[in-house]
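Structure, as structure tokens:
Numbering (the numbering used here), first residue to last: 315 to 513.
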């Protein structure tokens, strides 16, 4: 773990991991160079070449997919085709689902990213915008009655709840995944009608 931390520190200082830095680290730590190379090649966040002047990381996870990152990345890559100082990378969650599609420009969050040109325009610095204040509500229920009211209502009349569930299953037309494709609602009806407590 300490070795990984040192590698991350080196990359943070220099932007990438040069051969000389890895050799010095191996000697200082008394670790074979191939062991360090194995770590560096295993973790995709390590770079072996100097980074470009600008790197745009585009989130590929589900919320950003729904909000258009699938069309954003190709448009950014098109802009980067003739620009050696620009790199577009695909990353997993940037933790900015509320600003989807989320991107980071040189590790600074930006977005929601709808205009690729705006992201690359040096005159606009979207990540310096002051975030709006929000009142985050951890518990959406005001009282204990609100919190458990629906549950108490449901369990207060178990037979009615069971009949309601079975009725909804019958109405939905759900069938089992076994070979017979038996109707799920009918199966639950038969089980509920059994006199034995073991079902």
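Glycine included, every Cβ here is placed at the ideal spot set by N, Cα and C.
Exercise. How long is the line joining the alpha carbons of residue 398 and residue 361, rounded to whole angstroms?
Worked result: 16 angstroms
Problem set entry | Extent of the continuous alpha helix (DSSP H) to which residue 369 belongs | Here residue 369 belongs to no alpha helix (DSSP H); instead the beta strand (DSSP E) covers 368-373.
Exercise. Which first and last residues belong to the beta strand (DSSP E) in which residue 422 is found?
Worked result: 422-424
Exercise. Can you tell which of 338, 484 and 328 has the C-alpha that lies nearest to the C-alpha of residue 500?
Worked result: 484
For this session: Go ahead and label residue 318 buried or exposed: buried means 16 or more other beta carbons lie within 10 angstroms of its beta carbon, across all protein chains shown.
Result: exposed
Problem set entry | Identified DSSP bridge partners for residue 402 | Partner(s): 370.
Exercise. Do you know offhand how far residue 480's Cα is from residue 506's?
Worked result: 9 angstroms
Exercise. So what does residue 489 bridge to, in DSSP terms?
Worked result: 497
For this session: Please say whether residue 375 and residue 406 have beta carbons closer to each other than 9 angstroms?
Result: yes
For this session: Whole angstroms is fine: what's the gap from residue 514's alpha carbon to residue 388's?
Result: Since the first residue shown for the chain is 315 and the last is 513, residue 514 is missing from the structure and cannot be characterised.
For this session: To the nearest angstrom, report how far apart residue 468 and residue 413 are at their CA atoms.
Result: 38 angstroms
For this session: Spatial neighbours of residue 508 within its chain, please: CB distance less than 7 angstroms, with the 5 preceding and 5 following residues excluded, ordered by chain position.
Result: Within the same chain, and ignoring the five residues on either side of residue 508 in sequence, no residue has its Cβ closer than 7 angstroms to its Cβ.
Exercise. Ordered along the chain, which non-local residues of its own chain (more than five positions away) have a Cβ less than 6 angstroms from that of residue 411?
Worked result: 377
Exercise. In three-state terms, what does DSSP make of residue 321?
Worked result: Collapsing the DSSP output to three states places residue 321 in a helix.
Exercise. Out of curiosity, what's the CA-to-CA distance linking residue 510 and residue 408?
Worked result: 53 angstroms
Exercise. So, is residue 334 buried or exposed, given that buried needs 16 or more other C-beta atoms within 10 angstroms?
Worked result: exposed
Exercise. From which residue to which residue does the beta strand (DSSP E) around residue 417 run?
Worked result: 417-419
Problem set entry | Whole-angstrom distance between residue 492 and residue 358, CA atom to CA atom | 43 angstroms
Exercise. Between which two residues does the alpha helix (DSSP H) carrying residue 463 extend?
Worked result: 458-469
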